[in-house]
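Taken in order, these protein sequences are the chains called A and B.
Heads up, the first sequence is in our numbering, so the first residue is 2 and it goes up one at a time.
Heads up, the second sequence is in our numbering, so the first residue is 4 and it goes up one at a time.
The beta-carbon is built from N, C-alpha and C at its ideal position, and this holds for glycine as well.
As the structure is a computational prediction, the values presented were derived from the model and not from experiment.
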Amino acid sequence: MKLSNEIKRKLIQIAAFGFSNSYPGNLPAGKLYTGSWKMFCNPGINCYSCPAARCACPIGAMQAVSGTAQAGFGFYATGIVLALGVLFGRAICGFLCPFGFIQELLYMIPTPKKRILKPLTYIKYILLAVFVLLLPEVMTNVYHIGAPAFCKYICPAGILEGSIPLLMTHPELRTMLGMHFVIKLIILIITIAGSVICCRFFCKTMCPLGALYGLLNKISLYHMEIYRDKCVSCGKCRNVCPMDIDPVKQPNSAECIRCGKCVESCPKKALSQTFRTIKMTQKENRK
Amino acid sequence: MDTKKRRAIQIVLLVLAAFMILYGISTGETAIVLRKAVSICFECIGLG
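So this is what it looks like as structure tokens:
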């Protein structure tokens, strides 16, 4: 039985979600995994305060280091994100990110669907620059320790994956509920509602990790190639794109998560997602 | 973008990434990440 590329992608997403949260037994007990895997960064967004989480969130890890009194910049976590971005670009978002997978499941709920306004996609770059890079360095306490500003003020994954399971198993934590929790809960509700109506709402508008990987989409090894002599400008690729891109006009757009729906939809096989270049493929065909 | 130019940028960035990872490991950043990740981050879950 031949599986479609979309089913294969879903299977990879399920496997990645499972690997990222491979300690579900910790959920009823409300305890975190404390083993050495936690020093490694997950490729996608996955709160490390989730009891089931195996690895560290890369955005959290960046802020954790830059917020300490001694260290100035999270070289380790940033280096991992840079390497993954150069190799795969935003294919990480399309295949490996647990929070992206959750959003795609929410989008399956049958409701009227809407497209996001293009200017809103630039918000994630502001969140990256201000909340991930700047604030942990400048907004410090008397001990020169900075808060993980994106995780603290914005990230809905922390509430969904961390807060809700922990509050259910630790009643004593409920005494700490306050305005901070309410604001983050509102952001989570907006994210969930947005993801039901608009595909990958958080990825498009808020994700700083997607912003970083997206900046590397233009030069990543895994990229989109267009055979322009085959393209008949039918627009099918544009119509199926969940990230609202025209793959023919912007083949390596910073918004492209390399889901491959455009490649599958093209009746002329004019699109390809590959590590190879067109020249390499043509050279091989000539041999 | 020209293939050669793109390849050169990829190599430079990958080498830079490798240096950053190794530098981070050598300065003990992995210990900071581990220490942060194995404890409940009250700020992250909206309780701090």
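**OP:** Identify the contact partners of A/V249 in chain B, using a Cβ-Cβ distance below 9 Å as the criterion.
**Re:** What A/V249 touches in chain B: nothing, since even the nearest Cβ is about 17 Å away.
Original post:
Which value, in whole angstroms, describes the spacing of the CA atoms of A/I227 and A/A92?
Top reply: Cα to Cα, the separation comes out at about 17 Å.
**OP:** Mind listing the chain B neighbours of A/K115? Cutoff is C-beta to C-beta under 8 Å, in chain order.
**Re:** Simply none; closest approach about 28 Å.
Original post:
Whose CA, out of A/D230, A/L272 and A/G211, lies closest to the CA of A/C94?
Top reply: If we check each option's Cα against that of A/C94, A/G211 comes out closest.
Subject >> For A/I146, three-class secondary structure by DSSP >> reply: Note: A/I146 maps to coil in three-state DSSP.
**OP:** Determine which residues of the segment 37 to 51 of chain B have a Cβ less than 9 Å from any Cβ of chain A, and write them out in chain order.
**Re:** Along the segment 37 to 51 of chain B, going in chain order, the ones with a CB nearer than 9 Å to a CB of chain A are L37, R38, K39, A40, V41, S42, I43, C44, F45, E46, C47, I48, G49, L50 and G51.
Subject >> Proximity test, Cβ basis, 7 Å: A/F151 and chain B >> reply: No, A/F151 lies away from the interface with chain B (no Cβ there is under 7 Å from its Cβ).
Original post:
Within 10 angstroms of its Cβ, does A/H145 collect 16 or more other Cβ (buried), or is it exposed?
Top reply: A/H145 should be labelled exposed.
**OP:** Would you kindly report the start and end of the unbroken alpha helix (DSSP H) that includes A/E265?
**Re:** Run containing A/E265: K262 to S266, per the alpha helix (DSSP H) assignment.
Original post:
Cβ of A/L189 less than 7 Å from any chain B Cβ?
Top reply: No, A/L189 does not count as interfacial toward chain B.
Subject >> CA-to-CA distance, A/S221 to A/N253, given in whole angstroms >> reply: Spanning the alpha carbons of A/N253 and A/S221 requires a straight line of approximately 9 Å.
Original post:
For the alpha helix (DSSP H) that contains A/H181, what are its first and last residues?
Top reply: Segment M180 to I198, the alpha helix (DSSP H) holding A/H181.
Original post:
So with Cβ pairs under 7 Å, would you call A/K185 a contact of chain B?
Top reply: Flagged as an interface residue toward chain B: A/K185, by a C-beta distance shorter than 7 Å.
Original post:
Since A/M40 meets chain B, which of its residues come closer than 8 Å, beta carbon to beta carbon?
Top reply: Those are T33, A34, V36, L37 and A40, listed as they occur along chain B.
Original post:
Apart from the five residues on each side of it in sequence, which residues of its chain come closer than 7 Å, Cβ to Cβ, to A/Q104?
Top reply: Excluding positions up to five away in sequence, the list reads S196, R201, F202, F203 and C204.
Original post:
Would B/V36 be called buried (16 or more neighbouring beta carbons within 10 Å of its own) or exposed?
Top reply: Counting every other CB atom within 10 Å of its CB across the protein chains shown gives B/V36 a total of 16 or more, marking it as buried.
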